[in-house]
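What follows is a single structure, written as structure tokens, with notes after it.
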Amino acid sequence: MGGIQSKEDKNKNNNPCEKHIVKGLREKVRLLEKEVNEVKSMRENESQAYEKEMVVHAFKEAEWKRERKRLREQVKKLRKKLEEREEEEEEEEEEEEEEEEEEEIRVRLGGGMGDDGGRVVVLGGERAEKDHYYLDWLPPPPPPPLVAAGTAASYFVEKMREERASRDEAVEKWKKLYLAIKIELDDLIQRTHQGERLYWREEEEDLMEKLQRELKIKEETIELLKARLALMEQEESNREREVDILRQSLKIMSYKKKSTVFCQEPPKKLAFVKRAHMRGI
Numbered sequence: 001m002g003g004i005q006s007k008e009d010k011n012k013n014n015n016p017c018e019k020h021i022v023k024g025l026r027e028k029v030r031l032l033e034k035e036v037n038e039v040k041s042m043r044e045n046e047s048q049a050y051e052k053e054m055v056v057h058a059f060k061e062a063e064w065k066r067e068r069k070r071l072r073e074q075v076k077k078l079r080k081k082l083e084e085r086e087e088e089e090e091e092e093e094e095e096e097e098e099e100e101e102e103e104e105i106r107v108r109l110g111g112g113m114g115d116d117g118g119r120v121v122v123l124g125g126e127r128a129e130k131d132h133y134y135l136d137w138l139p140p141p142p143p144p145p146l147v148a149a150g151t152a153a154s155y156f157v158e159k160m161r162e163e164r165a166s167r168d169e170a171v172e173k174w175k176k177l178y179l180a181i182k183i184e185l186d187d188l189i190q191r192t193h194q195g196e197r198l199y200w201r202e203e204e205e206d207l208m209e210k211l212q213r214e215l216k217i218k219e220e221t222i223e224l225l226k227a228r229l230a231l232m233e234q235e236e237s238n239r240e241r242e243v244d245i246l247r248q249s250l251k252i253m254s255y256k257k258k259s260t261v262f263c264q265e266p267p268k269k270l271a272f273v274k275r276a277h278m279r280g281i
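With full-length UniProt numbering, the residue at position 130 of the sequence shown is 130, and numbering never jumps.
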């Protein structure tokens, strides 16, 4: 019986079909493990790339904030300069009005006589620091006729009107230039704000769309990998079930073979005893 069992074990171990099946299954398991490791490495690489993209996006966002702050400071400086310019223009207008009032008073005084009997005359000399006329006291001339005095007064009044008209014209030109500069500056500030908002909005929208597309692609990839992994696990389970079935079949076959050998062994021994007995005879 011991010899029969060792022979059966030897036949069982030397079964090429079972070895081939086990070898194929091991190879498939190895390939599946390799694919699973590749999928894991791909997911790790994708997560690292996503983290790098998030870091780059954070740096870009910080740079955009600094640029926005710089532009706002420039706009504040421009507004401050504009306000200072407006204040200067207002002060200049007030000074011009005061000068006009002084000149009118001087013109009125120019038509009369001075305290010492001299005639006060406004002469058109060189301009002073702020474009004023100065007064000069002349020696008293012989008393002119009343007509000459009226003509001189009207002449000076006309000249003063011309000067005032030219000065008003210059003021109007300055006002127009100032308004044009102000309008252009306001337009520039408004366009800068609008362009900044549109630029940042477009950049943010493009970036968000890009990130959403990438996120969607990665989610789809993850879903595919999960489905593939589930399929691989299902296939592995089916293979294990098949291997168990094959093992059970092999056990059943070996048991049947063992039973057959056990049933056929006594006749062989009986024939051997008969041959030995015949030889002894």
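The C-beta atom is built at its ideal place from N, Cα and C for all residues, glycine as well. Only a predicted model underlies this, so the values are computations on that prediction, with no experimental measurement involved.
Check	Outcome
Say whether the stretch 27-41 touches the stretch 222-234, bearing in mind that this needs 3 or more beta-carbon pairs closer than 8 Å, one atom from each stretch.	yes
Figure out for me which residue from 251, 78, 250 has the closest Cα to the Cα of residue 189.	78
Pair every Cβ in the stretch 168-175 with every Cβ in the stretch 59-67, then say whether three or more of these pairs are closer than 8 Å.	no
Do you know offhand how far residue 52's Cα is from residue 247's?	51 Å
For the stretch 21-28 against the stretch 235-246, do three or more pairs of beta-carbon atoms, one drawn from each stretch, fall closer than 8 Å, so that the two count as touching?	yes
Do you know offhand how far residue 50's Cα is from residue 30's?	30 Å
Let me make sure I understand the geometry here. Which of 204, 100, 208, 228 has the alpha-carbon closest to that of residue 166?	100
So, does the stretch 178-187 touch the stretch 78-94, judging by three or more C-beta pairs under 8 Å?	yes
The ligand GDP heavy atoms versus the CB of residue 178: any closer than 7 Å?	Questions concerning the ligand GDP fall outside what the structure shown contains, since it holds no ligand whatsoever.
Pick out whichever of 216, 40, 43, 57 has its Cα sitting closest to the Cα of residue 203.	57
Do residue 46 and residue 218 have their C-beta atoms closer together than 8 Å?	yes
Can you give me the C-alpha to C-alpha distance between residue 192 and residue 212, rounded to a whole angstrom?	29 Å
State the Cα-Cα distance for the pair residue 251 and residue 17, rounded to the nearest angstrom.	14 Å
Thinking residue 160 and residue 103 are a contact (beta carbons under 8 Å), I'd like their distance in whole angstroms, please.	7 Å
Could you work out which residue in 26, 205, 76, 158 is closest to residue 185 when comparing CA atoms only?	76
Taking residue 182 as the reference, give the member of 221, 44, 81 with the closest Cα.	81
Would you kindly work out how many angstroms separate the C-alpha atoms of residue 54 and residue 187, rounded to a whole number?	37 Å
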